[in-house]
Amino acid sequence: MAARNSERSFGWVTRALHWATALGVLGMLPLGVYVARMEVGYSNLWLFGLHKSIGVTIFALLAVRIVWHVVSPPPPSLPSDVAWKDQAAKWVHRAFYVLLAVVPLSGWVGSGATGLDVLVFNRITLPPLAPVSEAWETMAFGVHWVATKLLAACAIVHIAGALTRRDGTLARMVKG
Amino acid sequence: MVVFLLCTWDEGSMFYFMRNFFCSVLVWIIVLSAGNAAPLSYTLDKGASRVGFEVSFGPDQITGELPVQSAEITLDFQQVANSSVAVVLDVGNAKANFPFATQALRGPKVLDTTRFPTISFVSTEIKVLPDAPSKARMSGEITIRDTTRPITLGAELFRPADRALGERERLIVQLSGAVSRAAFGATGWSDLVGDTVALDLMLQIDLAE
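One line per chain: the protein sequences are A and B, in this order.
The working numbering numbers the first residue of the first sequence as 1 and each following residue consecutively.
The working numbering numbers the first residue of the second sequence as 1001 and each following residue consecutively.
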């Protein structure tokens, strides 16, 4: 099982990064909605830390993925018979890269702007990315809200495309 | 002549555990002679004094302490109305019962301790309640975040357990009341934390020489 990508297949490193990110995003979207709506108390305060920890992990996975794809470029997408589907797939992939950075970064900025420590894994305190400011907080969490909805939409389109294509696209992300 | 300041304890108070200790030694201060008519000045024992607070946090409560920076207390045991209390709290060292709450408490959205490092209270009137002669009400002004509002506190005076009845050299003043965060612009995290903050001041004081 090759670690590096080839011209036609994904190596296990890329596949592992893909599925770890997918798991994180699919877990975080409902968790984020729940955290935003729950009545906060001592019993569930830890969910904020979990949300931040997973978000930072997804951001780290994105950084590793970008570096890895410079080291070992992924194979090109398999062409479908429908031009707009190819275009949609290309733009959804680009949007994923942008949103996987914007969502955690906006959460990080907003959390820092509240004046509270951004504590991940209950032991690492991240430096604030913005001054303590209500304006920064409102702006960052506004961006976070919009970006998470776009990320959810991209995930739906991405999953629908992967499940409906019959050209081996899903199989090579599973098996290489 | 018997003069007193007395108020009830709040069952939910963070100082509830101290109740049993002090209730047994509730002070009824006995002034034996006209020579004791002048108001007496007291100095604060910072180490033995505590100011607790409590505020709702969803289904739970956030509790904590605000250190007392200074206090000027004068007690007139014959004319209670002549007594006065002025307290300054050091909110820069305020602590809540978990770290995020402490950060939030000191931060710009609540007490903003960098800009407003103290909370102060000055009494303006003390009245013994006519229908409840064991209780007193202390009106005054409290300043939080540079905003001053009127406040009324319940007041009670205790004698430490190891002191003889009638002794006035060392006393404990307990004041209790509540403030609205919104009234002082300390509105941070209002979606998570309640507006009404209960305050409970326990000031241990010594008769000035």
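All residues carry an ideal CB built from backbone N, CA and C; glycine is no exception.
My understanding is that residue 155 (chain A) touches residue 25 (chain A), with C-beta atoms under 8 Å, so please give their C-beta distance in whole angstroms.
6 Å
Could you check what DSSP says for residue 37 (chain A) in three-state terms: helix, strand or coil?
helix
Quick check on residue 122 (chain A): buried or exposed, where buried means 16 or more other Cβ atoms within 10 Å of its Cβ?
exposed
Determine the direct distance from the alpha carbon of residue 1180 (chain B) to that of residue 1083 (chain B), and round the result to whole angstroms.
26 Å
How many Å lie between residue 1122 (chain B) and residue 1080 (chain B) at the Cα?
16 Å
Of all the beta strand (DSSP E) runs that stay within the bounds of the stretch 1108-1149 of chain B, which reach a length of 3 or more residues?
1118-1128 and 1136-1144
Against residue 110 (chain A), what residues of chain B qualify as contacts under a CB-to-CB distance less than 7 Å, listed in chain order?
The contacting residues do not exist; residue 110 (chain A) stays about 13 Å from chain B at best.
Compare the Cα-Cα distances from residue 9 (chain A) to each of A:16, A:76 and A:37 and report the closest residue.
A:76
Nearest chain D C-beta to residue 34 (chain A) closer than 8 Å, yes or no?
Considering every chain present, this structure includes no chain D. Its protein chains are A and B.
Buried or exposed: residue 55 (chain A), going by 16 or more other Cβ atoms within 10 Å of its Cβ?
buried
Quick one: measure Cβ to Cβ for residue 113 (chain A) and residue 133 (chain A), integer angstroms, because I've assumed they're closer than 8 Å.
5 Å
Reduced DSSP secondary structure (H/G/I, E/B, other) of residue 1208 (chain B):
coil
Backbone secondary structure at residue 146 (chain A) - three-state DSSP
helix
State yes or no: is the C-beta of residue 71 (chain A) within less than 8 Å of the C-beta of residue 17 (chain A)?
no
In terms of residue numbering, what span does the alpha helix (DSSP H) encompassing residue 132 (chain A) cover?
Where residue 132 (chain A) is concerned, there is no enclosing alpha helix (DSSP H), given that its DSSP letter is neither H nor E.
Tell me the residue span of the alpha helix (DSSP H) that contains residue 97 (chain A).
83-113
Counting C-beta neighbours from all protein chains within 10 Å, is the total for residue 115 (chain A) 16 or more, i.e. buried, or is it exposed?
buried
Chain-ordered residues of the stretch 104-130 of chain A with a beta carbon less than 9 Å from chain B
114, 115, 116, 117 and 119
According to DSSP, residue 1096 (chain B) sits in a beta bridge with which residue or residues?
B:1064
Candidates A:4, A:137, A:97 and A:88: which alpha carbon is nearest residue 151 (chain A)'s?
A:97
Quick one: which chain A residues come within Cβ less than 8 Å of residue 1057 (chain B)?
40, 41 and 42
As assigned by DSSP and simplified to three states, the class of residue 1186 (chain B):
coil
Closest by C-alpha distance to residue 1174 (chain B), when choosing among B:1093, B:1207 and B:1087
B:1087
Who does residue 1156 (chain B) pair with in a DSSP beta bridge?
B:1174
Looking only at its chain, what residues have a beta carbon closer than 7 Å to the beta carbon of residue 1049 (chain B), apart from the 5 residues adjacent to it on each side?
1068, 1202, 1203 and 1204
Top-ranked residue by Cα proximity to residue 1199 (chain B), from B:1047, B:1038, B:1043 and B:1053
B:1053
Hey, would you say residue 1085 (chain B) sits closer than 8 Å to residue 1188 (chain B), going by beta carbons?
no
Closer than 8 Å, CB to CB, is residue 132 (chain A) near chain B or not?
yes
If you follow the alpha helix (DSSP H) that residue 50 (chain A) is part of, which residue opens it and which one closes it?
46-71
Excluding five sequence neighbours on each side, which residues of the same chain lie with their C-beta closer than 8 Å to the C-beta of residue 1116 (chain B)?
1091, 1144, 1145 and 1146
Validate contact between the stretch 43-51 of chain A and the stretch 80-92 of chain A using beta carbons, cut 8 Å, 3 pairs:
no
Burial state of residue 131 (chain A), where buried means 16 or more other Cβ atoms lie within 10 Å:
exposed
Assigned secondary structure, residue 28 (chain A) (DSSP; H/G/I helix, E/B strand, else coil):
helix
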